[in-house]
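Contents: one structure, followed by commentary.
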Amino acid sequence: MDNRAMKKLLIFLSFLLHIGSAYSQDSVSTSATVPDSLSDHLEALRTGMKNLNVEYITNIRAKEIAVVVSKIEDNYKKYAGISDSTSLDSLQKWHQDAAAEIVRLRSMEHTINNYNQGLTSTRDKFHELKRKYETILLANPLINNTLNHSEREVSAKMDSLHTIELKIKKMISESPAITADINEAITSYGVSDESETIKTKSSLWRAHTQGITKNDIVNSIKQNYASTRSLNLYVNHTDWGSRILLIVLTLAYIYWIFNIEFVSRKAVGERKRIAITNPWKLLRILGKGIIFLLTLLPLVKFITPTFLIQASQLVIMILFSLLLLDKLSKTQRKMLAFIFLFYSLVVIANLIVNDGLFLRGVCILFNLIALALVIYTKKKIRNPESPGYIGTFVYLLVIVLSILAIVSNTLGYVDLARSFSVACAVAFAQSFTLQFFTEMIRRDVRNQFKKDRIQNGFWSRFNEQRTIKVLSDILRLLCIIVAIIVFANNLQFIERLLNSSDLFFNKARKIGNLSFTIGNMGIAVLLLFVTNWLQKNISLLILGGENGKLNKDYNQKLTLFPLFRLAIILIGFFFAISALGMSLDKLTVVIGALSVGIGLGMQNIINNFVSGIILVFDKPFRVGDQIELADKKGRVKEIGIRASVLQTGDGADVIIPNGDLLSGRLVNWTLSQDYSRTSFTIQVDRRVDLAQATAWIIEAMERSTYCLRDLGTNVSVQDVSEDMIYLNLGCWINAAANAGPFRNDVLKVLYQKFEEQKLNFYSVSTAKTIINTK
C-alpha cells in the first residue's frame, strides 16, 4: 500500500476514533437516548456542510479579474499623460478605448457585486453551522479544521474582490475627467465635439456679400469635412469582425436571392442559366446585395461619418431608381427624379456653405423647397401601401428640422443649420429607401415560399401570412434602429446617445438582494421568447408540415417530443437565469418558496406534468392512435407536457389533461396495429334478392380505398321484419380513423344501386370500430 493511501486510511480511522470517543463520553454521563441525539446532530452537520456547495468558489477567478483591471489602470495613466505632441489619431483612438473600458469596468463591478452576495451568504452559513454545532465540532477536530479552512478561503476571496472593487470604483469616478481631457485635446485640433456648434461671425442680415472664389469653396469643404466625424478614424479603428460579418451576410443574401430566382425561372420552363439569357437579372441581384449592405452599414459602427451616410443614401437611391424603373408610373418617375436631384443639391450646398450671404440664402431656399415637397407628397400619396408614402412622424420631423435649419441659419449658427438641413434631407430620403428595403426583403421571402411550395421545401412548413407579419415587425424595428443611428450621427449627438443608452441598460438595479440590469433583463426576455417559439414549433421544424400545420402522416417518433419540449424549456430557462446574473443558490431559494404554492395549489398541474412524462415512456398510445376515454373517442393529435389533444370524428380538438389519460380507463383501438375492423347495419327491402344484395354490398365495400380486401369482408342477416331485412356489414380498414369515410363510400354506392332498382334502402346505426383480435 503506498504512502498516499496509508495517509487517507489514518485520517479516516482518526475521524472514527473521534466519533467513538464522543459517543463513549456521552454514554457515561447521560442516558441511552443521548448517543442517538448526537448521531442525529452529526448527520445534520454533514448534511449542512454538503449543502454549502463551496466548489463554486474555485470558479471565481479573482486573479484574472485583477490582471484585466491592472491593464485598464495602466491605460488610465497613459490617458492622463496627454501632451501637445500626442497625435490626433491617438487621441481619437484613446477616446474610443476609454468609452469601451468604462463599459467593461461597470460590467465587472456588476459581476463582483454578484460574487460578493454569494460569498457573503456562504460565510453566514459557515457561522451558523459553527454556532449551532459548536460542541460536535470541538469533539471532531477533522470536521472543524475542514470547516475553518473553507471559511478562510471564502474570506480570502472576499478580501481579493473587495480590493479589486475599490480600484474599479476609483477608475469609474475618474473616467468623466479623463474623457473630458481627451475631448478637450481633440477639440484643440479643430475637430468639434458633437455636442458643440460653432457660431459664425454674423447673422444673415450682417453676412458679407463678397464674391465666391474657388479657394473659398475648397476651404469651406475642408472646414465642413473637419467638423464632421473623421473618416480616417472610422476606417482604421473599426473592428473588422463586424465588417466581415456584414459582408458574409450580404454574400449569403445574394446567393439566397440568386437561388430563388434561378429555381423559380426553371420551374416555369426557363432552363437556361440567367447569366446567359439575361445579364440584367444578375445586375439586379448584385444591386439588391449592395442595397442590403449599405442599408445595414450604420450597424457595423454606431459612430459613422456623416459624409459616408450621405454617400450611402445617394447610392441606395440610385440603385432603387434603377430597380423600380419599369414598375413606376411616369408621374412617380418624375417625382423620384426630383427627389434625387433635390437630395444631391442639398448635400452639395451644405458641404460648401460658409458665412457668405449667397450660399446661406441657397441653403434657406432648399429648406423651403423641402417643406413644400414633403407637404405636397403627404397630400398626394395617402395610401400607406403606395410607394413614396410618408408617415406622420417623418412628415412632422422633416417640417421641424427644416424650420430649425432656417432659424439657425438666419441667426448665424451656420454649422447647426447645416446639421439640421442634412438630417432633414437624409430623413426624407430614408423614408423612401427604408420602405423600399422592407418591401424588397418581404418580396424575396414571398418568392422563397413560392419556390418551396413548388419543391415542397423547408419554408412550405410555415404559414406564409404569419411569417410575413412577424418578418415585417422585425424589419420595422430594424429600420427604426438604423434611422435613429443615422439621425443621431447627422445631428452629432451619437456619443451622448450611446453613453445614455449604456447607462440605462448596464446600470445595476436592485430589488431586495437581487441585482440586475435592464440589458440583461431584455436578453432574458428574448431568450424566453425564443425558447417558447422553439418548443411550440420543434415538431414542425423536424417532422415537417405544410402551411403551419403538421403532416397527417403521424409517426411514433412524435411521442418523444414532449421530452424535447421540456428539455428546450429547461435549457432556455437556465440560460435566461444566467443572463440575469442570478446565482443558482438564489434560484434554489425561489424554487423552495414556490414549492409551498406547488404543494397547496398546483397539485393538479404537477400531477399532469408527471403523468405526461410517464405517458412518454410507458407508451399506452402514440400520436395517430385511435383511443377512447369515457365519452370521448378519436385520434391522438398531440401528446403535450401537461395535456394531450384528441381529435374527434367531427373534427373537434379535445384537450385532455395527462392525469386523466393515465388514471382513467382508456381503450386503444390501434395499440398493436394500425388497421382495425369496422361494422354497421343497414336495412334493405324484402323484395330484393338476398344473394344479389349481398354481392352489391361486398362490391361496394371492396371498391372503397380504405378496405383491406386481403383480410376479407362479411355480410350477415341480423333481423327480418315485415318489410325490411337487417344486414350487418363488417370489413377490415387501413386505420380506425377512416371508419367514417369508409362508411360514406359504401352508403353512396349502395344508395345509387338501390335507387336504380327502385328498392328501399336505409342505414340504421353508426359505424363501430373494434380492435383486431387475430
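Residues -24 to -1, 1 to 750 in mature numbering (1 follows the signal peptide of the UniProt record, and there is no 0) are what the sequence shown lists, from first letter to last.
Just so you know, even glycine gets a beta-carbon here, dropped at the ideal spot from N, CA and C.
In this structure Leu272 touches Leu222 by the C-beta definition: roughly 6 Å separates them, less than 8 Å. In the structure shown, the three-state DSSP call for Ser697 is coil. A straight line joining the alpha-carbon of Lys133 with that of Lys483 spans about 25 Å.
Segment contact: the segment 311 to 319 against the segment 421 to 437, fewer than three CB-CB distances shorter than 8 Å; contact not assigned. As a beta-bridge residue in DSSP terms, Ile631 pairs with Val621. Unbroken alpha helix (DSSP H) stretches of 4 residues or longer found wholly inside the segment 436 to 508: 440 to 466 and 470 to 482, given in chain order.
Taken through DSSP and simplified to helix, strand or coil, Gln733 comes out as coil. A Cβ-Cβ distance of about 6 Å is found for the pair Cys707 and Thr654, placing them in contact under the 8 Å criterion. Remark: C-beta atoms of Pro538 and Ile589 approach each other more closely than 9 Å. A distance below 6 Å between beta-carbons, with the five flanking residues on each side excluded, links Asn690 to the following residues of its chain, in chain order: Gly706. No Cβ-Cβ contact shorter than 9 Å links Val130 with Arg82. DSSP links Tyr702 through a beta bridge to Gln659 and Asp695. Taking one beta carbon from each stretch, the segment 692 to 704 and the segment 719 to 732 have fewer than 3 pairs nearer than 8 Å; the two do not touch.
The three-state secondary structure of Val599, taken from DSSP, is coil. Rounded to whole angstroms, the separation of the alpha carbons of Ala38 and Ser126 is 17 Å.
Taking the Cα positions, Tyr229 is about 10 Å away from Ile417. If you draw a 10 Å sphere on the C-beta of Ala56, you find fewer than 16 other C-beta atoms in it, and that means exposed. Glu614 and Lys608 have their alpha carbons spaced roughly 15 Å apart. Judged by beta-carbon spacing, Ile148 lies beyond the 9 Å limit of Tyr91, meaning their Cβ atoms are not closer than that value.
Scanning its chain for C-beta atoms nearer than 7 Å, with the 5 sequence neighbours on each side dropped, one finds no residue around Leu142. Only buried fits Trp672, as 16 or more other CB atoms lie within 10 angstroms of its CB. Fewer than three beta-carbon pairs drawn from the segment 682 to 689 and the segment 728 to 737 are found closer than 8 Å, and the two stretches are therefore not classed as touching. Ranked by Cα distance from Glu678, the options Thr657, Asn710 and Leu703 are led by Asn710.
In the DSSP assignment, Leu642 forms a beta bridge with Leu605.
DSSP, read as helix, strand or coil, puts Gly616 in coil. Within the model, the alpha-carbon separation for Asn51 versus Asn326 is close to 39 Å. Going by C-alpha positions, Gly388 is about 16 Å away from Ile328. Ile233 and Leu447 have their C-alpha atoms roughly 17 Å apart.
Non-local C-beta neighbours of Val338 in its own chain, meaning closer than 7 Å and more than five positions away in sequence, comprise Ala325, ordered along the chain. Here Ala628 is exposed: its Cβ has fewer than 16 other Cβ atoms, across all protein chains shown, within 10 Å. In the displayed model, Ser680 falls within coil according to three-state DSSP, outside both helix and strand.
Residue environment for Lys264: buried (at least 16 other C-beta atoms within 10 angstroms of its C-beta).
Residue Asn89 holds the alpha-carbon nearest to the alpha-carbon of Leu490 among Asn89, His71 and Ile78. Taking C-beta atoms as the reference points, Phe396 and Ser378 count as a pair closer than 9 Å. Ranked by how close their Cα comes to the Cα of Thr307, the residues Arg80, Thr681, Val398 and Ile357 have Ile357 in first place.
The C-beta of Asn121 has fewer than 16 other C-beta atoms within 10 Å across all chains shown, which makes the residue exposed.
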